[in-house]
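What follows is one structure encoded as structure tokens, with my remarks underneath.
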Amino acid sequence: MGGKWVRVSDPRTDWSSEYSIGFLPREIRNLFRERADSLYYDLKSNHLEVILVPAPEPRYQGHMIRTVVSKNPTWYQELNRTKPSPVRRPHSLRALDRIRNIRDPELSLKPKGAIRQNYTYVTLYREIIFEMLVFGYGEDGLYVPAEQRTQEFFGVEGIEEVLEPPF
């Protein structure tokens, strides 16, 4: 997984989604934190819930069907749709929590003990948040515009293309 490299305003500094947001200036870091916080609470409070209800046209006694009571957030559904393997909710919540608390370690390709912990979820969500802040995104028929301060910092001003979430 190679994060997107972006040359930032300071020519001596490069940033990639593989690096912690702690390397970014406070203003930009806070935008990442706010977005991670929003995604965290959205994912935490909205989850798929299915219940059994009596079938409208029963074919036998006690015939029940499944009905959706609540759904996952649209962005999370899209993320799962585009990935070859399911994106796990507990890992996602932990990654978003790390980002919003600036405890998001850099991507590490070295195994940690017997388990390979390389923070791919943290890197994935940093990249998603970067795309949302720099390019804006559409959700549930609404367009959320890009964050101008982030565009200026990363040197991508004037992008007017409406993009769907980068999942």
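According to the working numbering, the residues represented by the sequence shown are 427 to 593, in order.
The C-beta atom is built at its ideal place from N, Cα and C for all residues, glycine as well.
query	result
Going by the DSSP bridge assignment, what does R492 pair with across the sheet?	L478
For E475 and A521, I'd like the C-alpha separation in whole angstroms.	23 Å
Using the DSSP secondary-structure output, state which residues sit across from G562 in a beta bridge.	For G562, which the question treats as bridged, DSSP gives no partner whatsoever.
Starting from L568, follow its DSSP beta bridges and name the residues at the other end.	E565
Whole angstroms is fine: what's the gap from G581's alpha carbon to S443's?	16 Å
Whole angstroms is fine: what's the gap from W441's alpha carbon to P510's?	27 Å
Going by CA-CA distance only, name the one from T546, Y445 and R515 that's closest to N472.	R515
Below 8 Å CB to CB, which residues in the same chain sit around H489 once its five sequence neighbours on both sides are set aside?	P480 and A481
Here's the rule: buried if 16 or more other CB atoms are within 10 angstroms of the residue's CB, otherwise exposed. What is E453?	exposed
Please state if the CB of I555 and the CB of R485 are separated by a distance shorter than 8 Å.	no
What does the Cβ neighbour count give for I525, buried or exposed, with the cut at 16 atoms within 10 Å?	buried
What number of angstroms, rounded off, separates the C-alpha of Q487 from the C-alpha of L478?	14 Å
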